[in-house]
Structure formats: C-alpha cells, structure tokens
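There are 2 protein chains.
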Amino acid sequence: MPTTRATPKAEETGLRILDAALALFRQEGFDTATMRDIAKKAGVATGAAYYYYPSKDAIVMDFYRRSCAEMQPKIEAALESATGLETRLRELIQVKLAHFAPNRGVLRALLRNGADPRHPLSPFSPETKEIRDIDLAWFRRILMDCGTRIPRDLEPHLPGVLWFFQMGVIFFWVIDESPDQARTARLLDLAAKSVATLIRVSGLPFMRPLRKTALQLIEVVKGD
Amino acid sequence: MPTTRATPKAEETGLRILDAALALFRQEGFDTATMRDIAKKAGVATGAAYYYYPSKDAIVMDFYRRSCAEMQPKIEAALESATGLETRLRELIQVKLAHFAPNRGVLRALLRNGADPRHPLSPFSPETKEIRDIDLAWFRRILMDCGTRIPRDLEPHLPGVLWFFQMGVIFFWVIDESPDQARTARLLDLAAKSVATLIRVSGLPFMRPLRKTALQLIEVVKGD
DNA sequence: CTACCATTCTGAACGCGTTCAAAATAATTG
DNA sequence: CAATTATTTTGAACGCGTTCAGAATGGTAG
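Protein sequence lines, in the order shown, are assigned to chains A and B.
Residues 1 to 224 (this note's numbering) are what the first sequence spells out, left to right.
Residues 225 to 448 (this note's numbering) are what the second sequence spells out, left to right.
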C-alpha cells in the first residue's frame, strides 16, 4: 500500500476516503463511525476502503503520519525563539498538542491500545519507528546547548526518556476532559519544570548512586 | 448481576461459564476464544453467558476481582517478614505478579484498554474503585513505620503515587516477553530501590522546591 | 479496433460480540 | 393441586470490521 497510487484517480479516491473518515471520526467519534458510513460518504463501496487501507485503524495511522509531517515546520519555528531546557521542552510538546487539538478524539483511537509494542498502532511498535525516530531527533536537539549541564552517563539516554515523558503528557491530554484541557496545560507546566530541575539536580555528587540505579533501570526498559 | 444468584443451580452455571472462559483464555488467548466457544464449553447456549456476564470483558473483570480477594492473605504473609520500604514495596508487588503468573495473558486483556478512566475495565475507572481502595490500604500500610522518614507534605499522596508506580510495573510485566519475565524482575529490583532512595532524598532541605512542584503535579493528576 | 493485463471497485458473505423476544424451568402462592 | 410469578435458558438476528471472488475500468501493445 504505497502512499502514491498507480493512477491519479486512485490517489484522489484514497484521499476522499481519508477525508470522509476523518470528518466522521471528528463528528461522531471513532467507534460510532462505521466503515460502511465512511465508504458511503466517500462515494465508494464498503470493500473499496479496504483496497486503500488495510484496516480502520490504518486510516488513523495515516492521518497521524501526515499530521506529523505537517507539524515539522511548526516545531522548528517554535523552538527558534525558545531558550532553556524547560521552555524548549514545554514548547515542543505544546506545539504538538495545539496541532492535534481539533482531532483530539481521533488521537484517542491511536492510544487506545496502550503501549503494547505488538500492536501496530502502539507508539512503541516497529510500525511507528520512523515517526518515533524523527521525534527523538527533536529531543536530542533541545538538549544541545540548552544551558543545563547534562551528566555524561545520562546524556545518551535522555532523549528517549524525554520522549517517553512526552508520551505520558499526550496520553493525559487525550483523556483530559477538563474545559480546553486546562488540566493538561497545568500538568505540562509543572512537569516540564520538574523534569528540568531533576536533570539539574541529578548531576550533584551525592546523587550519583541514585542516578546510576536509574540508568540501569532505563537500560532494562530499553533493552528489547 | 450480583455475585450470589437466586438459585444454587444458577450459581453453579455462572461458575461453569467463568471456568470455561478462563480455560479457553489461557489456552488460546483472550481474542481467539469466542463467546460461542465459551458457552459451548460450559454446556449452555451463547446467550446464557450474557445472562451471567454483561460482556466478554466482564468475565475477565470477575476473574480479577476474585483473584484479588484470594491474594489478600498471601500479601499479609509476605509483608510480615518484610522490613524497610524498599523490601516491602518489592514484596508487595512480587506477590501480585506471582499470583497472576499463570494468567498473565488474561490480565493483558484487562490492561489493553489502557488507562482511560471511562472504560469500565481501566484500573482508574469507577467500576474498579473498590479493588483500588483495598490496594491503596496496603500501600498506606507499608509506609507506616517503614524506617524511612516521609516528608509531611508528601505523606498523604504517597500511597497513591506508589499504587501508580505499581500499575506501571504490572503493565511492564504483562507485555514482558523475556523468559520467565526476567526483565520485569530486574526492573522491579531497580525501581523499588530508586523509589525508596528518591523518597529519602526528597526530604533534604534543598529538595524542597522540587518536592513542592512535584506535589502540585500530583494534585493536578489526582484532581478529577 | 481488438486482445490483453494490471489497477480499481463491487457487494455478498464470514465470524465476531452482543441483543432480545420468547420458551423452558423453578419457586411461590391461593 | 393448579395458577401465577420469577428465574433461567434458548437461538435467531443485528451491526460491526473484515475478506474475497469476480466485475468494471483503463492503459498498452499488436
């Protein structure tokens, strides 16, 4: 299932199915919108949707992939005017939340299957590795010359840890039903501050034992 | 759907359905085992299963509830010989993992829907509050006279935080495919050590700002 | 134009979890 | 005992995501 189809007409049909699906997902939710509804709205037979997308989930995945691509320049712009680890971290995540805000409910479908790496939609699955790697690069970037001294032993693992932290925030956001997701906004402020402080503190001499234990912990979690 | 039925025969039928379901879940997994299979194995019509359990998920939930009840004396015994926060924390979680070990795959079905509190099977849902509260009591217990000085402001929140920590470990365990879940064993050792150390350190004078921020964070997460 | 092949599309069908009207059975009452 | 009510059980049916054999379409070569 390549992104580009053999004929222009097919390309257009694929997009029509994607648009119809997203419209219905936004309007009535992922579960309520049926594949039959989606196909009908796109003006094709039910089976046609499966010619373009191997599953209902795959539609959301495609949406996610496209959204991530669109987001890159926005992230670039947001990070340009941001200095300091705490600010950069907050900005990076804020851009993502803002970008996905109109489709928060659609994203929920993606994170529903939790963190099971065997599920193709999981943020930890091999299928999502490409997106994850692009994301990791941003976390490496905000750590460079951020003004905070990073302990040598922690440095190689920190991008992964921050990425994981980000997933937690996004997860919270997705299920946050407070008006305008105000709780998530507050959470992000406090969490970014905590993380930045924790990193700073972790370099102190007497924190070495705790840091070493935490490092082993990280290695266990990462080692698949 | 009360746990005790109107007639003894019904009580027995309900158990037969539960047993058939668990046998099939263990044997071929939650998804592969169908409600028709379960009913057939229990010697009833398909619809009968729904007289006893409102959904397939509910069967797993019932299993979980019963397992938790069975587990209580085991926890009691394990904690008696355990001193110190780190040891107690590790023991408490180890007992649970050991108890659920033969049904690890069944538990996976429970945690599949992640942490969305709107899903009845979620560990954060109102439906699971009773079990959660019993669990929280154990965490309060292991904090009493554990030898580690707990900062006053942190104390009321710590049981909830440790419970959350436990959920993370269990989640890791459920998706851990290493032989005998050896990675989880290692993770638990390191994580319990880290948590205990972190609590000890959090009481130091210059950690006050970080602790205060973390406390606000906890309040945001808890406040529904 | 005709024959051919890959691409695109169709709609009936499958198996699933779940629902439900109605039947069977058990308990209670007059 | 029969009559009535409550409980338990049935199996067909529904709507869902998904599959698939085959029809339609369109581009290409002889």
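Backbone N, C-alpha and C define an ideal beta-carbon position, used for all residues, glycine too.
Which first and last residues belong to the alpha helix (DSSP H) in which residue i is found?
i: residue 178 of chain A; result: Here residue 178 of chain A belongs to no alpha helix (DSSP H), and DSSP marks it neither H nor E.
i: residue 342 of chain B; result: That residue, residue 342 of chain B, is in no alpha helix (DSSP H); it is neither H nor E in DSSP.
i: residue 359 of chain B; result: 353-367
i: residue 430 of chain B; result: Counting along the chain, residue 430 of chain B falls outside any alpha helix (DSSP H), and DSSP gives it neither H nor E.
i: residue 254 of chain B; result: Note, residue 254 of chain B: premise wrong, no alpha helix (DSSP H); not H, not E.
i: residue 76 of chain A; result: 56-80
i: residue 270 of chain B; result: 270-276
i: residue 108 of chain A; result: 104-111
i: residue 310 of chain B; result: 309-324
Establish whether the CB of residue i and some CB of chain A are separated by less than 8 Å.
i: residue 365 of chain B; result: no
i: residue 415 of chain B; result: yes
i: residue 256 of chain B; result: no
i: residue 311 of chain B; result: no
i: residue 335 of chain B; result: yes
i: residue 441 of chain B; result: yes
i: residue 319 of chain B; result: no
i: residue 444 of chain B; result: yes
Any beta-carbon of chain B closer than 8 Å to the one on residue i?
i: residue 105 of chain A; result: no
i: residue 128 of chain A; result: no
i: residue 147 of chain A; result: no
i: residue 116 of chain A; result: yes
i: residue 214 of chain A; result: yes
i: residue 1 of chain A; result: A caution first: residue 1 of chain A carries a pLDDT of 41, below 50, which makes its placement in the model unreliable, though a value can still be read off. Chain B contact via Cβ: absent.
Can you say whether residue i is buried or exposed, counting buried as having 16 or more other CB atoms within 10 angstroms of its CB?
i: residue 315 of chain B; result: buried
i: residue 36 of chain A; result: exposed
i: residue 376 of chain B; result: exposed
i: residue 359 of chain B; result: buried
i: residue 430 of chain B; result: exposed
i: residue 158 of chain A; result: buried
i: residue 17 of chain A; result: buried
i: residue 412 of chain B; result: buried
i: residue 112 of chain A; result: buried
i: residue 338 of chain B; result: buried
i: residue 7 of chain A; result: exposed
i: residue 345 of chain B; result: buried
i: residue 168 of chain A; result: exposed
i: residue 347 of chain B; result: buried
i: residue 9 of chain A; result: exposed
i: residue 237 of chain B; result: buried
i: residue 126 of chain A; result: exposed
Meets three-Cβ-pair contact criterion under 8 Å: the region 263-276 of chain B and the region 382-394 of chain B: no
Under 8 Å (Cβ pairs) to chain A, residues found in the region 418-435 of chain B: 418, 421, 422, 425, 431, 433, 434
Residues, ordered as in the chain, of the region 164-186 of chain A that lie near chain B by beta-carbon distance below 8 Å: 171, 172, 175, 183, 186
Stretch-stretch touch, CB-based, cutoff 8 Å, three pairs: the region 331-345 of chain B with the region 404-416 of chain B: no
Sufficient close CB pairs (3 or more, under 8 Å) joining the region 354-370 of chain B to the region 300-313 of chain B: yes
The region 276-288 of chain B in contact with the region 233-249 of chain B per 3-pair CB rule at 8 Å: yes
contact_flag[the region 208-217 of chain A, the region 417-428 of chain B] where n(CB pairs < 8 Å) is 3 or more: yes
The region 173-182 of chain A contacting the region 122-131 of chain A, beta-carbon criterion three pairs below 8 Å: no
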